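See below for the structure under consideration.
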Amino acid sequence: MGKYECDVTVCENPVCMCKNVKLHLTPIDAEENKVPGSPPRFMDIDLVGKKLEDKKKLPKEDQFFAEAFLGKLTEDDFVELLKLHYLIKNRITEEAPADSIDAYFEYKEIERDGLMQMYTDILPYGDPLYAEIDGKKCIVLDQHCVKPKCNCREVMLDFIHVDEVSKREKELCYIGVDYKKRVWKRQEESPAFPSVDKLRIMVENQIPDFYATLQRRHDRLKAIYAFCRKKNFIPEEPLILPKVGRNDLCPCGSGKKFKKCCADKKV
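Per the working numbering, the sequence shown starts with residue 16, numbered consecutively.
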């Protein structure tokens with residue numbers, strides 16, 4: 016097949032979870048110089064299915080080349096391509112302006128109940144937070160309030176240890192952190208943990224600019240939510256009941272006059 020220089024591109028949508036990569040292969044000689052007059056090759060690969068995407072859209076000669084190329088990829092090659100895919104998507108995600116991200120939100124639950132949003136739920140390729148707690152490497156899941164008019168500065172942190180052998184997850188603790196006042200408070204539903212102060216010191220020592228990082232992530236989620244809310248959220252219309260006279264038929268459908276049915280009932 017010869018030797019090729021490979022450029023990799025991925026889907027530019029920060030919230031898209033596809034694992035597809037586009038390869039642009041340019042023929043090069045032994046000295047790694049581009050070969051004049053040799054056409055480049057293109058192909059889309061589904062890294063999960065380990066197959067070509069839209070193969071039929073390729074010219075016949077490119078189909079044969081792409082299938083032969085795919086057949087030479089090893090398991091290690093796919094692992095490396097997945098790592099590269101993640102790194103590119105991570106950069107795209109963290110650099111994307113808030114008003115370019117059309118993310119999914121549960122608008123009614125947020126507006127009515129103050130449902131908090133996890134940073135990596137909204138931005139699956141966003142920067143993860145890690146900390147080692149008592150010798151256990153944990154992923155730190157940060158949840159934020161995104162209601163536009165709310166001025167709260169408390170972030171909920173869930174410390175999850177994933178066993179590298181069994182892959183089982185275990186929640187170590189659940190903590191509320193006010194990143195302005197730098198106050199930590201264990202939540203009632205949290206598993207027991209020896210000392211919140213000890214946890215705070217471990218995290219502050221391991222994550223540079225920890226409180227600034229929480230504020231930046233909170234502000235970003237709120238900006239994304241404000242953009243998506245303006246674009247996608249339709250507030251529910253308040254229910255306006257018609258005026259009913261006491262001698263009119265009751266609107267409940269009973270067939271009785273309003274004064275003998277629901278007039279004196281508290282709804």
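Where a beta carbon is used, it is the ideal one built from N, C-alpha and C, also for glycine. Remember, predicted model here, so these are calculated numbers, not experimental data.
- Judged by DSSP in its simplified three-state form, threonine 89 adopts coil rather than helix or strand.
- Restricting attention to Tyr122, Asp136, Lys87, the CA atom closest to the CA of leucine 130 is found in Tyr122.
- With fewer than 16 other beta carbons inside 10 angstroms of its own, cysteine 167 counts as exposed.
- The alpha carbon of valine 30 has as its nearest neighbour, out of Lys98, Asp91, Leu40, Pro139, the alpha carbon of Pro139.
- In the DSSP assignment, lysine 162 falls outside any beta strand (DSSP E) and carries neither an H nor an E.
- Annotated as distal: leucine 97 and alanine 81, with beta-carbon spacing of 7 Å or more.
- Residue range 169 to 177 is occupied by the beta strand (DSSP E) that includes aspartate 173.
- In the DSSP annotation of this structure, the continuous segment of the alpha helix (DSSP H) that includes aspartate 128 starts and ends at 122 to 128.
- Ranked by Cα distance from valine 218, the options Cys153, Arg261, Cys277 are led by Cys153.
- It is roughly 51 Å from the alpha-carbon of isoleucine 116 to the alpha-carbon of aspartate 279.
- In the DSSP assignment, aspartate 193 falls within the beta strand (DSSP E) that extends over 184 to 193.
- A straight-line Cα-Cα distance of about 9 Å links alanine 146 and asparagine 220.
- Secondary structure note for phenylalanine 242: its alpha helix (DSSP H) is the uninterrupted segment 225 to 247.
- Valine 63 and cysteine 243 have their C-alpha atoms some 30 Å from each other.
- Under the three-state reduction of DSSP, tyrosine 101 is assigned to helix.
- Listed in chain order, the non-local C-beta contacts of leucine 99 below 8 Å within the same chain comprise Val23, Val36, local neighbours out to five positions each way being set aside.
- Apart from the 5 residues on each side of it in sequence, leucine 229 sits with its Cβ closer than 6 Å to the Cβ of Val170, Tyr194 in its chain, given in chain order.
- In the DSSP assignment, the residues bridged to glutamine 132 are His159.
- When the five nearest sequence neighbours on each side are left out, the beta carbons in the same chain lying within less than 8 Å of the beta carbon of lysine 49 are those of Glu20, Thr41, Pro42, Ile43, in order along the chain.
- Cα atoms of glycine 17 and methionine 58: separation of roughly 17 Å, rounded to the nearest angstrom.
- In this structure, the straight-line span from the alpha carbon of lysine 185 to that of phenylalanine 174 is close to 9 Å.
- For lysine 213, the enclosing alpha helix (DSSP H) covers residues 211 to 221.
- In this chain, the beta strand (DSSP E) harbouring arginine 201 covers 198 to 201.
- For glutamate 147, the enclosing beta strand (DSSP E) has its first and last residue at 145 to 148.
- For arginine 201 and alanine 241, the gap between their C-alpha atoms comes out near 29 Å.
- Residues Arg235, Ala238, Ile239, Phe242 of the same chain have their beta carbon placed closer than 7 Å to that of alanine 113, with the five preceding and five following residues left out of the count.
- Annotation: aspartate 157 to leucine 187 spans about 14 Å, alpha carbon to alpha carbon.
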